[in-house]
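Colleague: Its first residue numbered 8, the sequence shown is counted upward by one per residue in our numbering.
All residues carry an ideal CB built from backbone N, CA and C; glycine is no exception.
Pasting a structure below so you can have a look.
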Amino acid sequence: MSACRTTRIGIAQWRPEPGRPAANEATAGRLVAALSAQGADLVVLPELWPSGYGARTLAADAETAAEPLDGPRDRLLRDLAREHGLWLFAGSVPERAGGTLYNTAPVYAPDGERVAAHRKAHLYPTTGEAAVFAAGGTATVIGTPWGPVGLGICFDGDHPGYARALRSRGARVVVSVSAYETGAERWWDLLLPAQALENGQWWIMANQCGGAGPSGLLGASRVIAPDGRIVAEAPRVTAGQGPVPEEHLLVADLDLAAGIAAADRDAAPLWEGARPEVYT
């Protein structure tokens, strides 16, 4: 972790249009530019923004939006990171690798270099993701100016073992991108703060937002501090609530190093007292 300094985090929350990758790319470019204009150093997009996330049409929408990792969309994202001089955690995209599709989260440095691509390891059974995508096989951690940063895609983050694997690889910051449903709102509010607290990690989370019923997308993109507190949050879709804006830019100024130092001081017993030999 580098010396303490404030980092401006920018999260783009919106509801991409299922099956309209060109329109979604235009929206992503506009929102990245808007967050850059607000001074963001690090920008995060949600899960599967090129294809949208409609459970009934996911297979067709992902196929329509799928590209090789080094395809035209990759060049667009490289250009966005370079033009705005920021770290772009570009949500996740449908990646075509031969005859296989993956749900993949690419990351770009301010010079436009793609420095990572995490393939979603845990496929959500409720919406049949395993019938659309192949699962990735690794917990991904990358080097950044803020130290090791772990990557997760939606259901990855719900698994305590995954968060602990990121921690064991040195990640004290996790960027998690999602298309989390309103029907799983309680999971969102309980599981993820617990992961942050248990592992002394910042969790920076971008989620899609919009739609009705339990399969609507929750929103509530957020930043969770290493002590489990929600320190910034976007609007959410909640049953019985009036209309929520489907597009929202969440900006937060964070001293990442100070938050980690506080966790090391106050919550260290949660991991220092662990006894792995008892758990296996």
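Once the 5 residues before and after I267 are set aside, which same chain residues still bring their CB inside 7 angstroms of it?
Modeller: M8, R179, G207 and P233
Colleague: Tell me where the beta strand (DSSP E) around A112 begins and ends.
Modeller: T107 to Y115
Colleague: What first and last residue would you give for the beta strand (DSSP E) that runs through V251?
Modeller: No beta strand (DSSP E) holds V251; DSSP gives it neither H nor E.
Colleague: Nearest CA to the CA of F140: which residue from D260, W210, A73 and W56?
Modeller: A73
Colleague: In the DSSP assignment, what residue or residues form a beta bridge with Q20?
Modeller: For Q20, which the question treats as bridged, DSSP gives the partners H255.
Colleague: Tell me, to the nearest whole angstrom, how far the beta carbon of W195 is from that of A227; I am working on the premise that it is less than 8 angstroms.
Modeller: Confirmed, Cβ separation roughly 6 angstroms.
Colleague: Which residue comes first and which comes last in the alpha helix (DSSP H) that contains T34?
Modeller: P28 to A44
Colleague: Could you tell me whether the Cβ atoms of R243 and V230 are closer together than 9 angstroms?
Modeller: no
Colleague: Just how far apart, CA to CA, sit D81 and R171?
Modeller: Cα-Cα distance, rounded: 30 angstroms.
Colleague: On a Cα-Cα basis, can you pick out the residue from W21, T14 and A146 that is closest to E253?
Modeller: Of the residues W21, T14 and A146, the one whose Cα lies closest to the Cα of E253 is W21.
Colleague: If you draw a straight line from the C-alpha of R121 to the C-alpha of G150, how long is it?
Modeller: 12 angstroms
Colleague: Can you tell which of C161, G106 and E192 has its C-alpha closest to the C-alpha of V184?
Modeller: C161
Colleague: Please list the terminal residues of the continuous alpha helix (DSSP H) segment that includes T71.
Modeller: L65 to A72
Colleague: With distances taken Cα to Cα, identify the nearest neighbour of G119 among S58, T14 and D86.
Modeller: For the set S58, T14 and D86, the Cα lying nearest the Cα of G119 is the one of D86.
Colleague: Quick check: the segment 49-66 against the segment 206-223, are at least 3 beta-carbon pairs closer than 8 angstroms?
Modeller: Three or more Cβ pairs closer than 8 angstroms define a contact, and the segment 206-223 meets that threshold against the segment 49-66.
Colleague: Helix, strand or coil, according to DSSP, for H125 in the structure here?
Modeller: Three-state result, H125: strand.
Colleague: If you reduce the DSSP assignment to three classes, tell me which class D86 lands in.
Modeller: helix
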